[in-house]
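For the sequence shown, numbering that gives the first Met the number 0 begins at 0 and goes up steadily by one. The beta carbon of each residue, even a glycine, is placed where N, CA and C say it ideally should be. Beneath this line is the structure, given in structure tokens, with notes to follow.
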Amino acid sequence: MNLYFRLLLLFWRIRQNRQIADSILSPIDIEYRALPSDCDINMHLTNSRYLAFMDLARTWMTERVGLFAAVMKRRWFPIVNATVITYIRDIKPLQKFTITTKVVGWDHKYFYIEQRFHSKRGLHAIAYVRGVFKRKGGVVSVEEMLEVAGFNGEAPILSPEIMHWKAMLEAKKNSNL
Numbered sequence: 000m001n002l003y004f005r006l007l008l009l010f011w012r013i014r015q016n017r018q019i020a021d022s023i024l025s026p027i028d029i030e031y032r033a034l035p036s037d038c039d040i041n042m043h044l045t046n047s048r049y050l051a052f053m054d055l056a057r058t059w060m061t062e063r064v065g066l067f068a069a070v071m072k073r074r075w076f077p078i079v080n081a082t083v084i085t086y087i088r089d090i091k092p093l094q095k096f097t098i099t100t101k102v103v104g105w106d107h108k109y110f111y112i113e114q115r116f117h118s119k120r121g122l123h124a125i126a127y128v129r130g131v132f133k134r135k136g137g138v139v140s141v142e143e144m145l146e147v148a149g150f151n152g153e154a155p156i157l158s159p160e161i162m163h164w165k166a167m168l169e170a171k172k173n174s175n176l
């Protein structure tokens, strides 16, 4: 996380937030502007900033779905296990953009999150993140996390893209044995 000033602003925004989304599955938007310091020599948002903005957007999503206070109280912390991102069109200096973050499903261990960068110019990037919450002593189970979130519906069916990605991650893990 290298966006400390924006992180502090996000924590202030979290303290001010009074809106909670309907569900853990609700898409959550947050808007940013690409500052010149976020851009590289090619005059567009640098690759590493996408990942840093994704961290901020997932933190905001955790707040908006009503989990931030519960996570902090329990001293759970998020861990990203894997990320895949596809860049479609660049984000220029001073351009406003929105990141839409959405939990798209889970399996026995991991949550899968989709994050889309978009603006008036269209879609800029789409990423998938696989992660867990940890606590002292181990991983927080998906079931416990869903209980804290107040979710008692059906688990969404993971898309073919996510299933393919999961298979690729498993193959990578097994090839390093």
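For R134, the secondary structure class from DSSP, reduced to helix, strand or coil, is strand. Between V138 and V79, the alpha-carbon positions lie close to 12 Å from each other. Sixteen is the threshold: since fewer than 16 other Cβ atoms of the shown chains lie within 10 Å of the Cβ of M71, the residue is exposed.
In the structure shown, I90 falls within a coil segment according to DSSP collapsed to helix, strand and coil. The C-beta separation of R88 from R120 comes to about 6 Å, placing the pair in contact by the 8 Å criterion. E169 sits in a helix when the DSSP states are folded into three classes.
The C-beta distance from S36 to F150 rounds to 38 Å, too long to fall under 8 Å, and the pair is not in contact.
Around the Cβ of F116, a 10 Å sphere holds 16 or more other Cβ atoms; the residue is buried. Within a 10 Å sphere around the beta-carbon of E146 sit fewer than 16 other beta-carbons, which makes this residue exposed.
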